[in-house]
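First the structure, in the form of structure tokens, and then the observations on it.
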Amino acid sequence: MTKDQTRGSKPVIMPHSYDGIQEYDQSLPNWWLFTLFGSIVFAFLYWLANFVTGTLPDDRVAINTEIDALEARQLAAIKDLDEPTLWKMSRNSKTVAEGQAVYNSLCFTCHGPTLAGIKGLGFRLNDDLWVHGNTPTAIFNNVSEGITFEGKPTGMAAQKVLGTGRIAAVTAFLLSKQKEGAMKVIPRKDEPSQLTP
Amino acid sequence: MKPTPIRESVTTIGHDGTRRFLQPALIFGSWWRARRAVAWLLIAFFAALPWIEIDGFPAVFLDVEHRHFHLLGTMMGLGDIWLLFFVITGWGFLIYATTALLGRIWCGWACPQTVYLEHVFRVVDRLFEGDHVSRAKLDDQPWSAPNKMLRRGARAFAYLVLCWAVAHIFLAYFISIPGLYPMITDAPLAHPAAFVAMAIATGLLFFNFWWFREQLCLIVCPYGRLQSALIDDDSVIVGYDEKRGEPHGKAAPGIPTGDCVDCRRCVQVCPTGIDIRHGLQMECIACTACVDACDDVMTKLKRPTGLVRYASLRELNGGKTRFLRPRTVLYAALLVIGLIVASIAVLRVQPAAFKLSRPPQTELYALSEASVANVFRAKIQNKDEIPRRFFISAESPATKVTVLNQSVGMVIAPLTEITLPLTLLVDRQDYRGEFNFMLRLRSEDGEISLLQKAHFIGPDPRTLKQ
Ligand code: SF4
Ligand code: SF4
Numbered sequence: 001m002t003k004d005q006t007r008g009s010k011p012v013i014m015p016h017s018y019d020g021i022q023e024y025d026q027s028l029p030n031w032w033l034f035t036l037f038g039s040i041v042f043a044f045l046y047w048l049a050n051f052v053t054g055t056l057p058d059d060r061v062a063i064n065t066e067i068d069a070l071e072a073r074q075l076a077a078i079k080d081l082d083e084p085t086l087w088k089m090s091r092n093s094k095t096v097a098e099g100q101a102v103y104n105s106l107c108f109t110c111h112g113p114t115l116a117g118i119k120g121l122g123f124r125l126n127d128d129l130w131v132h133g134n135t136p137t138a139i140f141n142n143v144s145e146g147i148t149f150e151g152k153p154t155g156m157a158a159q160k161v162l163g164t165g166r167i168a169a170v171t172a173f174l175l176s177k178q179k180e181g182a183m184k185v186i187p188r189k190d191e192p193s194q195l196t197p
Numbered sequence: 198m199k200p201t202p203i204r205e206s207v208t209t210i211g212h213d214g215t216r217r218f219l220q221p222a223l224i225f226g227s228w229w230r231a232r233r234a235v236a237w238l239l240i241a242f243f244a245a246l247p248w249i250e251i252d253g254f255p256a257v258f259l260d261v262e263h264r265h266f267h268l269l270g271t272m273m274g275l276g277d278i279w280l281l282f283f284v285i286t287g288w289g290f291l292i293y294a295t296t297a298l299l300g301r302i303w304c305g306w307a308c309p310q311t312v313y314l315e316h317v318f319r320v321v322d323r324l325f326e327g328d329h330v331s332r333a334k335l336d337d338q339p340w341s342a343p344n345k346m347l348r349r350g351a352r353a354f355a356y357l358v359l360c361w362a363v364a365h366i367f368l369a370y371f372i373s374i375p376g377l378y379p380m381i382t383d384a385p386l387a388h389p390a391a392f393v394a395m396a397i398a399t400g401l402l403f404f405n406f407w408w409f410r411e412q413l414c415l416i417v418c419p420y421g422r423l424q425s426a427l428i429d430d431d432s433v434i435v436g437y438d439e440k441r442g443e444p445h446g447k448a449a450p451g452i453p454t455g456d457c458v459d460c461r462r463c464v465q466v467c468p469t470g471i472d473i474r475h476g477l478q479m480e481c482i483a484c485t486a487c488v489d490a491c492d493d494v495m496t497k498l499k500r501p502t503g504l505v506r507y508a509s510l511r512e513l514n515g516g517k518t519r520f521l522r523p524r525t526v527l528y529a530a531l532l533v534i535g536l537i538v539a540s541i542a543v544l545r546v547q548p549a550a551f552k553l554s555r556p557p558q559t560e561l562y563a564l565s566e567a568s569v570a571n572v573f574r575a576k577i578q579n580k581d582e583i584p585r586r587f588f589i590s591a592e593s594p595a596t597k598v599t600v601l602n603q604s605v606g607m608v609i610a611p612l613t614e615i616t617l618p619l620t621l622l623v624d625r626q627d628y629r630g631e632f633n634f635m636l637r638l639r640s641e642d643g644e645i646s647l648l649q650k651a652h653f654i655g656p657d658p659r660t661l662k663q
């Protein structure tokens, strides 16, 4: 288009006409063209950086790295959770209170608000009789991974829901009602859970 | 050289696409004074809202971080977000209704773009660079000219400070004044996200008011485009009385002339760079500057004012504006219906929310010797400013459902949400297969009562009969 049309005069009309409608030959504002071409250039650079050169981190890789780091941290945390540590946590009032809060938000549904258990739903937890292992780590693992009974999973595998920290706290809360060395293993049929709301 | 506005192209965009800057003259007329008063009221209102406290919270506080929205003393949670429907449709409706009646009254009087540009930033322009003549001269001077750098720089600095202030007030709507204060006093790096947001907001505002200006109204603003399409022959617009004014020009013996003396005062003052005498144009934001300008000239010439005035196209063509027309009647009726429905909806918002779901990674049901059990996860939100004790009970006419652990209920602190597992038991004797029932959330004081549908899952009842 010609650049030096005199100001104030009518702009050039394009020769074509569709349905009797004609159009002026006007330039678009430069700033508008800048946004148009700018976004095209950006799209190209973005595509280059993301899919060709891989300069920008791939979302999937970034998320996987993050998950790996999390898992590593959890594994490290679990590694430190041996029997003495869990016992020690169970004598720390802050950890126990934290564990009780977790218990009251989730576990009490099946084990009852007083830990007395609900018959057919969840075992009694406030006595010294244990069906699936009588050690702190056994309790921790049962909370974390759930329990398999007659080939069927029962109990809640809470690892994904609670995470290591809160599972350790809940374990500490349960252990706070126990005496070291006094936990007994009993067969499932002798479990004294009651239906006590 | 000043371009002459013509209808066929945009004054502020050159034929080669370059931007042309306008330096409109100031006209200190009665409309301008009224508009300035409204503008200052609006600015004061905008700046004051975050400071006004109602029931211990800012009058408007959109707490995105905690997903609480405080509006004039009521709190809404994310669950009430559907009420936005009324805000959005109501807003759209207002555009239709006011534009049908009064044209682009919003643009000229209330739009932040106009309010801040005309009554804040152009004031700064005049302060640092003088009137439109000296500003235009300064525009044309090279940067080496004496004082140009200094005056432009001082103006830019004033702009930056103002944009920074506006951005802060805006942010206060989302984090409240008590939340904002430490962010201002702490080092910028202590709140990097807020700092970056603030820097971007300030930068955008600066760009808009310094450079972009009327281009926003012309090309970007959807409201401007919508309104241009919504005006009809009876909408009141800023218009030029062609019948009275034409043929324009200096009075000379033998040549019949209208009242327009072609002094071009209306063109000089127009912030969008158009000539109102060409009729209604899409650039016009109905700012009334040309009305004031022309009235001023007419008064000096001792002719009646109103050659350029608020009038409908019909009136300018010699007819009479019809305010009562099918369109406006329909709008009024819709307005009444909308207001009624919206009030009912708002009045029914309860100061609590109750949602049910199934906890992940648990079995659908459990069997004990005596009963079938289902576990639900209840989300309860107390949206009120006082703590409340809540109870959940089952309403199931056909099958008796017991909700465990609900004898003492639960106390929920103000403005908090808890997630609570619910164990529901049905006696084996009563169990006749899966069924639907209702769970009711009640507050102890009886203020709140919310129902949720639920479905009880269980085995085929025949398998229980042994
Ligand atoms: S066109 Fe848009 S931005 Fe301009 S004054 Fe009207 S509403 Fe405001
Ligand atoms: S034509 Fe008049 S009312 Fe419209 S924008 Fe220009 S000065 Fe304002």
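Protein chains in written order, with the numbering used here: chain Y, 1 to 197; chain W, 198 to 663. C-beta atoms are modelled at their ideal positions from N, C-alpha and C, and glycine is treated no differently.
Distance from the CA atom of Gly535(W) to the CA atom of Leu56(Y), rounded to whole angstroms, is 49 Å. Within the stretch 398-477 of chain W, the runs of alpha helix (DSSP H) at least 4 residues long that lie entirely inside it are, in chain order, 419-427, 439-442 and 462-466.
Below the 8 Å Cβ cutoff, chain Y contributes Thr109, Cys110, Ile118 and Leu121 as neighbours of Thr620(W), in chain order. Proximity of the beta carbon of Cys484(W) to ligand 2 is indicated: a heavy atom of the ligand is located closer than 7 Å. Rounded to the nearest whole angstrom, the CA to CA distance from Ser90(Y) to Ala76(Y) is 20 Å.
Among the residues facing chain W, Pro11(Y) is included, as its CB has a counterpart in that chain under 8 Å away. Counting C-beta pairs with one atom in each stretch, the stretch 391-409 of chain W and the stretch 428-435 of chain W have fewer than three that are closer than 8 Å, which means they do not touch. Distance from the CA atom of Val417(W) to the CA atom of Gln603(W), rounded to whole angstroms, is 57 Å. Only Gln412 and Ile416 from the stretch 411-443 of chain W bring a Cβ to less than 8 Å from some Cβ of chain Y. Ile210(W) belongs to the set of residues whose beta carbon lies under 8 Å from a beta carbon in chain Y. As the crow flies, the alpha-carbon of Leu280(W) is around 10 Å from that of Ser540(W).
If you look at Val526(W), you'll find it in the alpha helix (DSSP H) that goes Pro523 to Leu544. Boundaries of the alpha helix (DSSP H) around Met89(Y): Glu83 to Ser90. Following the DSSP letters along the chain, one finds Arg574(W) inside the beta strand (DSSP E) bounded by residues Ser568 to Asn579. Look at Gln74(Y) here: in three-state DSSP terms it is helix. The C-beta of Ser39(Y) comes no closer than 8 Å to any C-beta of chain W. The beta carbon of His212(W) is closer than 6 Å to none in its chain, skipping five residues each way along the sequence.
Residue range Lys345 to Ile372 is occupied by the alpha helix (DSSP H) that includes Leu359(W).
Residue side-chain check: Arg232(W) keeps its Cβ at 7 Å or more from all non-hydrogen atoms of ligand 1. Annotation: the continuous beta strand (DSSP E) that includes Gln649(W) extends over Ser646 to Phe653. For Arg474(W), the shortest C-beta to heavy atom distance toward ligand 1 is 7 Å or greater.
In this structure, DSSP gives Ala172(Y) a helical state, which the three-state scheme calls helix. Taking the CA atoms as reference points, Arg659(W) sits about 27 Å from Phe123(Y). Measuring C-alpha to C-alpha distances from Phe406(W) to each of Leu357(W), Pro450(W) and Ala542(W) identifies Leu357(W) as the nearest.
The CB of Val572(W) comes closer than 8 Å to the CB of Thr109 and Cys110 in chain Y, given here in chain order. Taking 7 Å as the upper bound on Cβ-Cβ separation, chain Y lies near residues Ile203, Glu205, Ser206, Ile210, His212, Asp213, Gly214, Thr215 and Arg216 of the stretch 203-235 of chain W. Around the beta-carbon of Pro255(W), 16 or more other beta-carbon atoms lie within 10 Å, marking it buried. Put simply, the backbone Cα of Phe42(Y) is about 20 Å away from that of Leu401(W). In this structure, DSSP gives His111(Y) a helical state, which the three-state scheme calls helix.
Around the beta carbon of Asp322(W), 16 or more other beta carbons sit within 10 angstroms, so the residue counts as buried. Tyr24(Y) is classed as exposed because its beta carbon has fewer than 16 other beta carbons within 10 Å across all chains shown.
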